[in-house]
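Here's the structure we're looking at; comments come further down.
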Amino acid sequence: MTINFNLYGDREQPLLVFLHGGGVSSWMWNEQIKYFKDYKCLVPDLPGHGKSKDGNNFLNDVRRIN
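Mapping the sequence shown onto the numbering used here, position 57 (from 1) lands on 42, and the numbers just tick up by one.
Following this line, the structure appears as structure tokens:
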């Protein structure tokens, strides 16, 4: 599985992760990211959304992480 993500802001600062809901993708955070430029912001497209590949194996991938 391939997960598309973007990093914004100051990469030396604390990390904020922006997760979207179903039916949208990382684009939904475009306006909010502007206000967090003093943080490192990780904005992924969750499996099966946006530019990320199909999420059929997402549960298996999570199990491998744990």
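Using N, Cα and C, we set each Cβ at its ideal position, and we do this for glycine too.
The structure displayed is predicted, hence computed values, not measured ones.
Spatial neighbours of Leu4 in its own chain (CB-CB distance under 8 angstroms, excluding positions within 5 residues in sequence) are listed in chain order as Pro29 and Leu31.
Within the same chain, Cβ atoms closer than 7 angstroms to the Cβ of Gln(-2) are found at Asp23, Tyr24 and Lys25, the five residues on either side in sequence being excluded. Taken through DSSP and simplified to helix, strand or coil, Phe(-10) comes out as strand. A straight line joining the alpha-carbon of Lys36 with that of Leu27 spans about 15 angstroms. Cβ-Cβ separation between Thr(-13) and Lys38: approximately 4 angstroms, consistent with a contact (criterion under 8 angstroms).
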